[in-house]
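*Asks:* Have a look at this one before I ask anything.
Numbering (the UniProt record's numbering), first residue to last: 1 to 297.
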């Protein structure tokens, strides 16, 4: 069975064979207002003239930034590596200002190294989805509806968003049996699906966890969560160094990062933070490293 790419570009993607998500599609939920990212939002009052002027000014500024980015990366990212080698500081500065949303999926693939993984593994994702089975399938199905439940793409029960998310998580649990599937991974895969196809999102997840460019992050999900523990330790040290008054207050009140920050790292900031902020963090950490995205420039 096939399904359309989440991008809506008409490209067909494989759906897993015989899984529970191949059942009859659920009813489409009633339409509700959504923000620019597809998340449910509250109705707003009509914009004033000053607000419209500000929006127009921001739009013109974004269009100018977009032209710079298109020139920098070239068609399909063809000029990216050359530009990064010649102008690394320019790239860093532009990324820290935020990647244009319409280019975010492509740029993330380029900065993570996932594009190269995809080219070296043609047909592997389809094989994992169609012909392999995973012991984690029921766990994945149980958690699907908990992933970005307020986003329009994942709202429909057994709809294209949930099916694509299932396919990626099931495929990864087979691809990396040491890690398998752990709750929290769905938010990484879900965020990626909002900006690229199933297959592209799968290979970016692989690039992150196995380490295509940066150090592997699979320790976020291994038994004992060793990388989470490391990040919590590093984060506590950074708080004491960069905001010593806050660090001292936390210590006095016996508050440690594991009480509030574990979920930040397990979901790589895609769950608890405002969506626009989470995207900016991802822009930076995919090009640099995780903690650079949290530090002042």
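Glycine included, every Cβ here is placed at the ideal spot set by N, Cα and C.
Remember, predicted model here, so these are calculated numbers, not experimental data.
Throw me the rounded Cβ distance for the residue 218 and residue 210 pair, which I believe falls under 8 Å.
*Replies:* With 8 Å as the limit, residue 218 and residue 210 qualify as a contact, their Cβ atoms being about 6 Å apart.
*Asks:* Are residue 270 and residue 203 close, meaning C-beta to C-beta below 8 Å?
*Replies:* Contact: no.
*Asks:* In whole angstroms, what separates the C-alpha of residue 104 from that of residue 197?
*Replies:* If I take the Cα positions, the gap works out to 13 Å.
*Asks:* If the criterion is Cβ atoms closer than 8 Å, does the pair residue 39 and residue 233 meet it?
*Replies:* The answer is no: Cβ separation not under 8 Å.
*Asks:* Taking the C-alpha atoms as reference points, what is the distance between residue 282 and residue 246?
*Replies:* Whole-angstrom Cα-Cα distance: 25 Å.
*Asks:* Which residues bound the alpha helix (DSSP H) around residue 234?
*Replies:* Here the alpha helix (DSSP H) through residue 234 covers 226–242.
*Asks:* Measuring alpha carbon to alpha carbon, tell me which of 100, 189, 120 and 179 ends up nearest residue 61.
*Replies:* Per the Cα distances, 100.
*Asks:* Keeping to the same chain, check which residues put their C-beta closer than 7 Å to that of residue 286; ignore five residues upstream and five downstream.
*Replies:* Result list for residue 286: 108, 111 and 112, in chain order.
*Asks:* Please name the residue in 73, 277, 66 and 167 whose C-alpha comes closest to that of residue 138.
*Replies:* Measuring from the Cα of residue 138, the nearest candidate turns out to be 167.
*Asks:* Would you check if the distance between the CB atom of residue 181 and the CB atom of residue 140 is smaller than 8 Å?
*Replies:* For residue 181 and residue 140, yes; Cβs fall inside 8 Å.
*Asks:* How many Å lie between residue 173 and residue 55 at the Cα?
*Replies:* Distance between the alpha carbons of residue 173 and residue 55 is about 44 Å.
*Asks:* By DSSP, does residue 171 sit in helix, in strand, or in coil?
*Replies:* Three-state DSSP puts residue 171 in a helix.
*Asks:* List the whole-angstrom C-beta distance separating residue 267 from residue 187, where the pair is believed to meet the contact cut-off of C-beta under 8 Å.
*Replies:* Between residue 187 and residue 267 the Cβ distance is about 4 Å, and since that is below 8 Å, they are a contact.
*Asks:* For residue 34, does the three-state DSSP call read helix, strand or coil?
*Replies:* Of the three classes helix, strand and coil, the one that applies to residue 34 here is strand, per DSSP.
*Asks:* Please classify residue 162: is it buried, with 16 or more other beta-carbons within 10 angstroms of its beta-carbon, or exposed?
*Replies:* Residue 162 comes out buried.
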